[in-house]
Amino acid sequence: MLLTTPARRRAAVAVAFAGIGTAGGLWWVARDTTPYGLRDSPAVRVEVRAEDSRYPDTRETAEDVGELVRVYVQRLLTGDGDQLAEVGAPWFTGREAQARDWIKKYGEAAEHPVRAVVREPVVPHLAQVELRFGGGGRQVVELTRDDGIWWVAMGDGDPAKP
22 MLLTTPARRR AAVAVAFAGI GTAGGLWWVA RDTTPYGLRD SPAVRVEVRA
72 EDSRYPDTRE TAEDVGELVR VYVQRLLTGD GDQLAEVGAP WFTGREAQAR
122 DWIKKYGEAA EHPVRAVVRE PVVPHLAQVE LRFGGGGRQV VELTRDDGIW
172 WVAMGDGDPA KP
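Converting from the sequence shown to this note's numbering requires adding 21 to each position, the first position being numbered 1.
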């Protein structure tokens with residue numbers, strides 16, 4: 022079809038913009054906004070499960086925080102405080118110092134299989150996870166959610182007020 026008339030040209034331009042707008046909207050909805058993710062190495066063995074509870078939100082929370090818990094254990098194992106601090110809630114201060122401290126305490130234990138038990142949440146945007154390291158030792162990690170993204174409560178800050 023030849024676009025010989027101004028009306029046909031305007032219609033073609035409108036259709037093109039509508040297509041671009043639709044594609045952009047689909048990308049926006051489908052994009053992953055989580056600013057962290059598992060890396061190819063080092064490999065970690067983490068089983069995430071919900072604490073026995075009669076409330077279904079415990080199981081849902083365990084599913085929601087599973088990736089963060091695995092990333093946390095992987096970053097412990099790498100031994101890099103800056104990388105571990107990246108999964109800390111951005112509105113907390115002192116994340117880097119806390120990360121280095123946790124690496125000293127739990128970094129070697131992360132080499133072994135880890136069982137992560139997500140405790141029954143008191144409120145929807147806070148969670149507590151008990152990490153049971155296969156080589157011995159335990160750590161309780163507090164998690165907080167802001168704008169749909171889960172973070173580790175690391176350093177100083179209020180987990181309820183991002």
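For each residue, glycine too, the CB sits at the ideal point set by N, CA and C.
Quick caveat: nothing in here was measured; it's all calculated off a predicted structure.
For residue i, which of helix, strand or coil comes out of DSSP?
{"i": "R91", "result": "helix"}
{"i": "E81", "result": "helix"}
{"i": "L105", "result": "helix"}
{"i": "V86", "result": "helix"}
{"i": "R70", "result": "strand"}
Using beta-carbon positions only, say whether residue i and residue j come within less than 8 Å of one another.
{"i": "T82", "j": "A148", "result": "yes"}
{"i": "V92", "j": "V135", "result": "no"}
{"i": "E72", "j": "V162", "result": "no"}
{"i": "G109", "j": "G176", "result": "yes"}
{"i": "S62", "j": "E141", "result": "no"}
{"i": "W112", "j": "G178", "result": "yes"}
Which value, in whole angstroms, describes the spacing of the CA atoms of residue i and residue j?
{"i": "T25", "j": "W172", "result": "57 Å"}
{"i": "R80", "j": "H146", "result": "14 Å"}
{"i": "V94", "j": "R31", "result": "56 Å"}
{"i": "L89", "j": "Y76", "result": "22 Å"}
{"i": "T55", "j": "G156", "result": "30 Å"}
{"i": "V143", "j": "A181", "result": "12 Å"}
{"i": "F64", "j": "R166", "result": "Before going on, a small fix: residue 64 reads as Ala here, not Phe. So the two alpha carbons sit approximately 26 Å from each other."}
{"i": "L152", "j": "G128", "result": "12 Å"}
{"i": "E132", "j": "T114", "result": "28 Å"}
{"i": "D122", "j": "R116", "result": "10 Å"}
{"i": "R70", "j": "A174", "result": "20 Å"}
{"i": "A118", "j": "L164", "result": "18 Å"}
Cutting at 7 Å between CB atoms, please list the residues of its own chain near residue i, excluding the five before and the five after it.
{"i": "A51", "result": "In this prediction, A51 has a pLDDT of 42, which is less than 50 and means its spatial position is unreliable; nothing more can be read from the coordinates."}
{"i": "I124", "result": "L97, G100, G102 and L105"}
{"i": "D85", "result": "W171"}
{"i": "R60", "result": "Q95"}
{"i": "P27", "result": "none"}
Might you give, ordered along the chain, the residues of its own chain that have their beta carbon closer than 6 Å to the beta carbon of residue i, omitting 5 neighbours on each side?
{"i": "G158", "result": "A130"}
{"i": "A120", "result": "G102, L105 and A106"}
Quick one: does residue i have its CB under 8 Å from some CB of chain D?
{"i": "V138", "result": "The structure shown contains no chain D; it is built from a single protein chain."}
Residues in the same chain with beta-carbon distance under 8 Å from residue i, minus the five sequence neighbours each way, listed in chain order, please.
{"i": "G58", "result": "E88 and V92"}
Write down every uninterrupted run of the beta strand (DSSP E) in the region 106-172 whose length is 3 residues or greater and which is fully enclosed by it, in chain order.
-> 135-139, 147-154 and 159-167
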